[in-house]
Amino acid sequence: MTDWNADQFMSQWDKKYVSTNVKSGSRPYDKDLFLGICSKLSNSRPELKSYSHAIIAAACCAVNRADVVGPFFDHITTHSTPAESSQIFLCLREALTIIFPYLGLPTCIPACYGMIGVTQRKGAEFASTKVLRKETIDEEDVRKGKELRAKIYKGVGNSEIFDLMNVYFTDLFTTSTVVTWGYLISKANEEVFQPQESHLIIVTAITALGATRQTKSHIKATLGIGNSVECVKAVLEAITKIAEWADRPIATFDVDALSREIQEALKN
272 MTDWNADQFM SQWDKKYVST NVKSGSRPYD KDLFLGICSK LSNSRPELKS
322 YSHAIIAAAC CAVNRADVVG PFFDHITTHS TPAESSQIFL CLREALTIIF
372 PYLGLPTCIP ACYGMIGVTQ RKGAEFASTK VLRKETIDEE DVRKGKELRA
422 KIYKGVGNSE IFDLMNVYFT DLFTTSTVVT WGYLISKANE EVFQPQESHL
472 IIVTAITALG ATRQTKSHIK ATLGIGNSVE CVKAVLEAIT KIAEWADRPI
522 ATFDVDALSR EIQEALKN
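Numbering (the numbering used here), first residue to last: 272 to 539.
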């Protein structure tokens, strides 16, 4: 990995595009810390190995430290072949794509710019330019969005408030269903992730953001679609470490109790 402070190109790129939103006094990127968190997460559960880096990226964006993602990508691909780096780039890119509706585009953009900077230095062959989605949204996206949202929230118990959202915030609710779940997440599931993987990335973003009520709902949802209690606990541990590093500590969650709740709900 290139030391961004010592490399003239990366240093200038970082100052111009990546770290412009970082508050004065914030901790600098710590490669040993983030490598350690990613390694522990990857080795904690076999199902997390292929996309643990995407979970790290999502958590960093949610704690308003998207500037970390570029050097993190640079570091984890230090010894990667172009094909391997391209695959990691695609995984990270799609993670950013599916979480931006929850975090906001300005929050995620520094991560995109950081990754682009790495590929500008190393070469385009170390990134993926594969286009997954068509340029227009159609009825198929509407259908997929409704089906996926219903699958994710089955048993969570939010039907009443969802119905009210559809009455009073109709366009917002429709956009969330069609664009977020139909156009973005469904296609990511078809091409890059399994549904339980993409949803755990979303859980990561919501948890690290500090949205406590929504986190509880999404933990139940992710357990309901097949993620294990042990897997969720491992991810929460990683998020907690990143949030503490960013001086944005999060609440604690009783995953076992939430698991019992969703399992009971799914019986009915």
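Ideal Cβ positions, reconstructed from N, Cα and C, are used throughout, including at glycine.
Count the other C-beta atoms from every protein chain shown that fall within 10 angstroms of the C-beta of residue i, then say buried if there are 16 or more, exposed otherwise.
{"i": "R336", "result": "buried"}
{"i": "K287", "result": "exposed"}
{"i": "E410", "result": "exposed"}
{"i": "I432", "result": "exposed"}
{"i": "Y300", "result": "buried"}
{"i": "N539", "result": "exposed"}
{"i": "P466", "result": "buried"}
{"i": "F440", "result": "exposed"}
{"i": "E355", "result": "exposed"}
{"i": "R420", "result": "buried"}
{"i": "A522", "result": "exposed"}
Got a sec, what are the start and stop residues for the alpha helix (DSSP H) residue i sits in?
{"i": "R527", "result": "Looking at the sequence provided, one finds Asp at residue 527 rather than Arg. Taken as a continuous stretch (DSSP letters only), the alpha helix (DSSP H) holding D527 covers 526-538."}
{"i": "F433", "result": "430-439"}
{"i": "L376", "result": "376-393"}
{"i": "Q485", "result": "483-495"}
{"i": "K504", "result": "500-516"}
{"i": "W284", "result": "279-284"}
{"i": "H346", "result": "340-347"}
{"i": "F305", "result": "302-315"}
Taking 8 Å as the limit between beta carbons, can you name the residues of its chain near residue i, skipping five residues before and five after?
{"i": "S351", "result": "I359, F397"}
{"i": "M386", "result": "V340, G341, F344, F360, L363, R364, A398"}
{"i": "K320", "result": "S313, N314"}
{"i": "V500", "result": "L494, V526, D527, S530"}
What number of angstroms, rounded off, separates the C-alpha of residue i from the C-alpha of residue j?
{"i": "G416", "j": "W516", "result": "35 Å"}
{"i": "H324", "j": "R404", "result": "23 Å"}
{"i": "L513", "j": "V334", "result": "The sequence shown places Ile at residue 513, rather than the Leu named in the question. Rounded to the nearest angstrom, the two C-alpha atoms are 8 Å apart."}
{"i": "K491", "j": "C309", "result": "24 Å"}
{"i": "T478", "j": "I510", "result": "8 Å"}
{"i": "S488", "j": "V427", "result": "6 Å"}
{"i": "I472", "j": "N498", "result": "12 Å"}
{"i": "A366", "j": "S357", "result": "14 Å"}
{"i": "I380", "j": "K294", "result": "16 Å"}
{"i": "I370", "j": "Q279", "result": "31 Å"}
{"i": "V438", "j": "I347", "result": "46 Å"}
{"i": "R298", "j": "T378", "result": "17 Å"}
{"i": "V474", "j": "E468", "result": "10 Å"}
{"i": "F444", "j": "N276", "result": "44 Å"}
{"i": "D518", "j": "G394", "result": "35 Å"}
{"i": "G307", "j": "I327", "result": "11 Å"}
Would the C-beta of residue i count as close to the ligand GDP, meaning under 7 Å from any of its heavy atoms?
{"i": "M386", "result": "The model on display carries no ligand, and the ligand GDP is accordingly not part of it."}
In its own chain, which residues sit with a C-beta less than 6 Å from the C-beta of residue i, not counting the 5 before and 5 after it?
{"i": "W284", "result": "G388"}
Starting from the C-beta of residue i, find all residues in its chain whose C-beta is less than 7 Å away, skip the five residues before and the five after it, and write them out in chain order.
{"i": "I423", "result": "H470, A492, I496"}
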